[in-house]
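Just so you know, the sequences run in chain order A and B.
Residue numbers for the first sequence follow my numbering, beginning at -18 and rising by one.
Residue numbers for the second sequence follow my numbering, beginning at 651 and rising by one.
Written out below as structure tokens is the structure these notes cover.
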Amino acid sequence: MVVIDSIKNGIVIDHITAGLGMKLLEYLDIDTSSDTVAVIMNAVSNKYGRKDVVKIENVTDIDLAALGLIDPKATVNYIVDHVISQKINLTVPERVVNIIKCKNPRCVTSVETNAPQLFSLIDKENREYRCEYCDEIISMKGGYNNEFIHRQWFDR
Amino acid sequence: MLKGRNLLEPMDFTTDELKELFSLADKIIENPEKYSKACNGKLLATLFYEPSTRTRFSFEAAMLRLGGKVIGFSEAHVSSVAKGESISDTIRTVACYADLAVIRHPKEGAAIVAEACTEIPIINAGDGGHHHPTQTLTDLYTIRKERGGFDNMTVGLCGDLKFGRTVHSLIKALSRYKNVSFILISPEELKIPDYVRKEVLIKNNIKFEEVESMQEALPRLDILYMTRVQRERFFNEEDYVRLKDRYILDGAKMKLAKDDMMVLHPLPRVNEISVEVDSDPRALYFKQVKYGMFVRMALIMSLLGVEFQNETQGV
């Protein structure tokens, strides 16, 4: 049994699909040099068999739409003074802005780099999104690593 | 009311709005003189980042025939674009001078970028292999004028269905009418994109077939929409050469078609329709060009909101 201290203030992202915890942390762009972060991988879950859990001390401002896009069945618990103050069940977002990048080389966003990347949900079950500029369809189920805009890339 | 609106993709106008637009085009055809000063004092900007003869001339002729004026460029290298200016900056600048702008760009979704940064109406005159809604207005107007309506017909689209933006726009637009079915004739490599198949045809429960043989489809068609295999859409010249002569409509094939089948083509053609077909009364592609100008006149007037004003003034 691995024992990890509970956090006083911050967030706990629970029920993450096993194997996605590190990817999710990478996307959230948490500064692991200063923030206290615990990533629990392959923990036993009554609901899903195995799960990952991420605990982040003193950080509450995270992009829920991005989380919902990566792993909609995860839950986010906000912790205040060791107590869960709010619990959010993530959903598949209807529209995502500047989170994923269109791969179509003919899309205008490949040349007009200041234009926001806009995608609309067209199929919830298959997590399929349509680029609002060129109509390219991408599925966020499975191998989607390449479509993500890395946070640093966007802040340049 | 279309005043101040944009035309970025074929579904931007409702079928009722299209009806209104087409009846204005009818009135212009009946009495062009009446509308010759309708756009007096108005300025149209034509921003063509990609070569075009027909569409640009059609818009310019339309505006000039309405008494308006035109500014613009016809190739990207003669504008600030060659210096690296973004689409949004170009549009913001042009919007300071013009009352509405027409944009053609090789990249898909360019007109959406343009629309997002200005208040003046934007007309998409073709964005890469994506949409060409004013060609769709032309196609619809031709069908309405020559056939009387859009319901109950089998439409064959032939050639480059993958990059043929006029094809995507026409399928989308016709999907709103009753009992329209499609026969999509193309080689495997040039089939319609996924979003048209899934989002338009399957989602709306529209009957369609994807076939490779033109001869097999011809006897069943009410409309045959031919397209050119476009060299400029291929990254690989070899693929273009291999596919360009796949479908050629000639006199012998026309014998397989119904007596009242309409042959449409957005033009320009290369060799996909033999010249011998031009004299066949079913060949309507040059008539389409003329209708295109009148429907663009109606569009310009509607987006500028001058039609009602002039109607009441009895211009």
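By construction, the Cβ of each residue, glycine as well, lies at the ideal position given by its N, Cα and C atoms.
These numbers come from a predicted model, not from an experiment.
(message) With three or more C-beta pairs closer than 8 Å as the rule, is the region 914 to 932 of chain B touching the region 766 to 779 of chain B?
(response) No, the region 766 to 779 of chain B is not in contact with the region 914 to 932 of chain B.
(message) Can you list, in chain order, the residues of its chain with a C-beta nearer than 8 Å to that of K903(B)? Leave out the 5 residues immediately preceding and following it.
(response) Within the second sequence, numbered from 1, the residue matching residue 903(B) stands at position 253. The residues are M864, Q865, L868.
(message) I need the boundaries of the alpha helix (DSSP H) containing L820(B), first residue and last residue.
(response) The sequence position of residue 820(B) within the second sequence is 170, counting from 1. Residues 815 to 824.
(message) For a cutoff of 8 Å on Cβ pairs, would you count Y114(A) as touching chain B?
(response) As a working mapping, residue 114(A) is identified with position 133 in the first sequence. It does; some Cβ of chain B falls within 8 Å.
(request) State buried or exposed for H63(A), treating a residue as buried only when at least 16 other CB atoms are found within 10 Å of its CB. (result) The residue labelled residue 63(A) in the question sits at position 82 within the first sequence. By the 10 Å Cβ count, H63(A) comes out exposed.
(request) Could you name the residues that DSSP lists as bridge partners for S777(B)? (result) Within the second sequence, residue 777(B) is the residue found at index 127, counting from 1. According to the sequence provided, residue 777(B) is Asp. The question's Ser does not apply to it. BP columns for D777(B) point to H755(B).
(request) State whether the region 781 to 797 of chain B contacts the region 942 to 953 of chain B, with contact taken as three or more CB pairs (one from each stretch) at a distance under 8 Å. (result) Segments in contact, yes.
(request) Output the residue ranges of the beta strand (DSSP E) runs that lie fully inside the region 890 to 944 of chain B and measure 3 residues or longer, sorted by chain position. (result) Listed in chain order, the complete beta strand (DSSP E) runs (minimum 3 residues) inside the region 890 to 944 of chain B are 912 to 914.
(request) With 8 Å as the limit, tell me which residues of the region 821 to 842 of chain B have their beta carbon closer than that to any beta carbon of chain A; keep them in chain order. (result) Taking 8 Å as the Cβ-Cβ cut-off, the region 821 to 842 of chain B has no residue approaching chain A.
(request) With DSSP as the reference, label Q133(A) as helix, strand or coil. (result) Counting from 1 along the first sequence, the entry for residue 133(A) is found at position 152. Here the model assigns Q133(A) a pLDDT of 45, short of 50, so the residue's position is not dependable and the matter cannot be decided.
(message) Since L6(A) and V18(A) should fall inside the 8 Å C-beta cutoff, what is the C-beta to C-beta distance between them, to a whole number of angstroms?
(response) As a working note, residue 6(A) is residue 25 in the first sequence. As a working note, residue 18(A) is residue 37 in the first sequence. Rounded, the Cβ-Cβ distance is 7 Å, consistent with contact.
(request) Taking H915(B) as the query, report the chain A residues whose CB atoms sit under 7 Å from its CB, ordered along the chain. (result) Your numbering for residue 915(B) matches position 265 in the second sequence. Within chain A, not a single residue places a beta-carbon under 7 Å from that of H915(B); the smallest gap is close to 23 Å.
(request) Find the residues of chain B that neighbour S66(A), judging by a C-beta separation of less than 9 Å, and give them in chain order. (result) For the purposes of this step, residue 66(A) is taken as the residue at position 85 of the first sequence. Ordered by position in chain B, no residue passes the 9 Å Cβ test against S66(A), which lies about 38 Å from the chain.
(request) For I103(A), return the contacting residues in chain B, with the cut-off set at a CB-CB distance below 7 Å. (result) As a first step, residue 103(A) must be located in the first sequence, where it is residue number 122. Neighbourhood of I103(A) in chain B, by CB distance below 7 Å: E849, in chain order.
(request) Could you spell out the range, first to last residue, of the alpha helix (DSSP H) harbouring S702(B)? (result) Within the second sequence, numbered from 1, the residue matching residue 702(B) stands at position 52. Element bounds for S702(B): n/a, residue is neither H nor E.
(request) Under 8 Å Cβ to Cβ from F135(A), same chain only, skipping five residues before and after it: list those, please. (result) For the purposes of this step, residue 135(A) is taken as the residue at position 154 of the first sequence. Because F135(A) sits at a pLDDT of 42, beneath the cut-off of 50, its placement in the model cannot be relied upon, and the following sentence gives the value as read from the coordinates. Answer for F135(A): N79, listed in chain order.
(request) Using the Cα positions of P97(A) and E683(B), report the straight-line distance between them to the nearest angstrom. (result) Counting from one through the first sequence, the residue named residue 97(A) turns up at place 116. Counting from one through the second sequence, the residue named residue 683(B) turns up at place 33. The alpha-carbon atoms of P97(A) and E683(B) are separated by roughly 45 Å.
(message) Could you give the first and the last residue of the continuous beta strand (DSSP E) run that contains R847(B)?
(response) On the second sequence, residue 847(B) is found 197 positions in, with the first residue counted as 1. Taken as a continuous stretch (DSSP letters only), R847(B) belongs to no beta strand (DSSP E), as it is neither H nor E.
(request) Below 8 Å on the Cβ atoms is my guess for H915(B) versus Y935(B); work out the distance and round it to an integer in Å. (result) Here the question's residue 915(B) lines up with position 265 in the second sequence. Here the question's residue 935(B) lines up with position 285 in the second sequence. H915(B) to Y935(B), Cβ: 4 Å. Contact.
(message) Measuring straight from C-alpha to C-alpha, what distance separates K812(B) and Q880(B)?
(response) Translated into positions along the second sequence, residue 812(B) becomes position 162. Translated into positions along the second sequence, residue 880(B) becomes position 230. If you take the alpha carbons of K812(B) and Q880(B), they lie about 10 Å apart.
(request) Sort out for me which residues DSSP pairs Q98(A) with in a bridge. (result) The residue given as residue 98(A) occupies position 117 in the first sequence. In the DSSP assignment, Q98(A) forms no beta bridge with any residue.
(request) List the residues of chain B that R76(A) touches, going by C-beta distances under 7 Å, in chain order. (result) Taking the first residue of the first sequence as 1, we reach residue 76(A) at position 95. Neighbours of R76(A) in chain B, taken as residues whose beta carbon is under 7 Å from its own, are absent, since the nearest beta carbon is some 14 Å off.
(message) How far does the alpha helix (DSSP H) with Q785(B) in it extend, from its first residue to its last?
(response) Translated into the one-based positions of the second sequence, residue 785(B) becomes position 135. For Q785(B), the enclosing alpha helix (DSSP H) starts and ends at 783 to 797.
(request) Report yes or no: is there a C-beta of chain B within less than 8 Å of the C-beta of A96(A)? (result) On the first sequence, residue 96(A) is found 115 positions in, with the first residue counted as 1. A96(A) belongs to the set of residues whose beta carbon lies under 8 Å from a beta carbon in chain B.
(request) In angstroms with no decimal places, state the Cα-to-Cα distance between D116(A) and I51(A). (result) Here residue 116(A) is taken as the residue at index 135 of the first sequence, counted from 1. Here residue 51(A) is taken as the residue at index 70 of the first sequence, counted from 1. About 21 Å.
(request) Would you give the residue range spanned by the beta strand (DSSP E) that D676(B) belongs to? (result) Taking the first residue of the second sequence as position 1, residue 676(B) is located at position 26. Not the beta strand (DSSP E): D676(B) falls in the alpha helix (DSSP H), residues 665 to 680.
(message) For a quick check, are the C-beta atoms of A675(B) and Y791(B) less than 8 Å apart?
(response) Position 25 of the second sequence, counted from the start, is the residue given in the question as residue 675(B). Position 141 of the second sequence, counted from the start, is the residue given in the question as residue 791(B). Yes.
(request) Could you tell me whether the region 827 to 836 of chain B touches the region 703 to 714 of chain B, using the rule of 3 or more Cβ pairs below 8 Å? (result) When Cβ pairs closer than 8 Å are counted between the two stretches, the region 827 to 836 of chain B is seen not to touch the region 703 to 714 of chain B, the count staying below three.
(request) Name the residue from H727(B), H755(B), A711(B) whose alpha carbon lies nearest to the alpha carbon of V720(B). (result) Counting from one through the second sequence, the residue named residue 720(B) turns up at place 70. Nearest of H727(B), H755(B), A711(B) to V720(B), Cα basis: A711(B).
(request) Go ahead and label L45(A) buried or exposed: buried means 16 or more other beta carbons lie within 10 angstroms of its beta carbon, across all protein chains shown. (result) Here residue 45(A) refers to the residue found at position 64 when the first sequence is read from its first residue. That one is exposed.
(message) Using a Cβ-Cβ distance cut-off of 8 Å, determine whether G964(B) contacts chain A.
(response) Against the second sequence, residue 964(B) aligns to sequence position 314. Any reading at G964(B) needs caution, since the residue's pLDDT is 48, under 50, leaving its predicted position unreliable; the model's value is listed next. No, its Cβ sits nowhere closer than 8 Å to a Cβ of chain A.
(request) Using the Cα positions of N690(B) and G718(B), report the straight-line distance between them to the nearest angstrom. (result) Counted from its first residue, the second sequence places residue 690(B) at position 40. Counted from its first residue, the second sequence places residue 718(B) at position 68. Between N690(B) and G718(B), the C-alpha separation is close to 5 Å.
(message) Distance cutoff 8 Å, beta carbons only. Does I852(B) sit that close to anything in chain A?
(response) As a first step, residue 852(B) is located in the second sequence; it is residue number 202 there, counting from the start. So no, I852(B) is outside the interface.
(message) Given this structure, state the Cα-to-Cα distance separating Y110(A) from F100(A), to the nearest angstrom.
(response) Looking up residue 110(A) in the first sequence gives position 129. Looking up residue 100(A) in the first sequence gives position 119. Distance between the alpha carbons of Y110(A) and F100(A) is about 6 Å.
(message) Going by the DSSP bridge assignment, what does I118(A) pair with across the sheet?
(response) Along the first sequence, one-based indexing puts residue 118(A) at 137. When DSSP reads this structure, I118(A) sits in a beta bridge with R111(A).
(request) Report the residues of the region 779 to 804 of chain B with a CB closer than 7 Å to any CB of chain A, ordered along the chain. (result) The residues in question are G779, H780.
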